[in-house]
Amino acid sequence: MTEARNTSRGNGTPLRLFFACLGAMLAFLVSPSAAVASSATAEQGSAAISSDASVSPMGGCVLGVCGAVVNQSTEGFYVTMNWCCTDNRYLAPGKTTDGWGDVDGYQIPSGCRANVQNKISGSLQPIETVGAGWHKISTNWVTYVKSIWCNN
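Spelled out as structure tokens, the structure:
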């Protein structure tokens, strides 16, 4: 399978990235105010995933369901509103991204680890430990960062 290329601009990768980010920003700006996915029932989340033909490109809320992060830890960290771009926002301890729009990921600081629990389409998953770095979440996820500890 061959990939379509914009031969007038080399391989087109920077141009594709630009338009992907632009599309995601536009989708974020025109989306209705978002509800955290936890407010939808599991049935609504499943229906939203399987039946919506108008899914926003590169993230964005789908039928009012948005990726969200809840900081239940005593440490602040950054979340990203757009996985491919640089719209990163600080999430203070005890705060949530509810009302921010679709969150695409979160960053555990260098030298740290965290216990996180994901709610995927309304179904709470087991707590897991993740290492430092960026972690991607999907539109139908709510991620609860339970605790963060660092090797200082």
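Letter by letter, the sequence shown follows residues 1 to 152 in UniProt numbering.
The C-beta atom is built at its ideal place from N, Cα and C for all residues, glycine as well.
Computed from a predicted structure; not experimentally measured.
CA-to-CA distance, residue j to residue i, given in whole angstroms
| i | j | result |
| --- | --- | --- |
| I137 | C66 | 10 Å |
| V70 | S147 | 11 Å |
| residue 156 | T74 | Outside the shown range of the chain, which is 1 to 152, sits residue 156, and nothing can be said about it. |
| D102 | T129 | 23 Å |
| N82 | G133 | 16 Å |
| G116 | D104 | The sequence shown places Val at residue 116, rather than the Gly named in the question. Cα-Cα distance, rounded: 15 Å. |
| T86 | G60 | 15 Å |
| R113 | N151 | 9 Å |
| Q125 | W141 | 10 Å |
| H135 | G111 | 15 Å |
| T139 | G122 | 12 Å |
| I120 | C84 | 22 Å |
| V145 | V62 | 23 Å |
Supposed contact pair residue j and residue i - C-beta distance, whole angstroms, cut 8 Å
| i | j | result |
| --- | --- | --- |
| Y78 | Y90 | 6 Å |
| residue 190 | I108 | Since the first residue shown for the chain is 1 and the last is 152, residue 190 is missing from the structure and cannot be characterised. |
| N118 | T143 | 5 Å |
Identity of the residues DSSP links to residue i by a beta bridge
| i | result |
| --- | --- |
| Q107 | Y78, W134 |
| N115 | T129, S147 |
| residue 155 | For the chain, the structure presents residues 1 to 152; residue 155 sits outside this window and is missing. |
| N88 | T80 |
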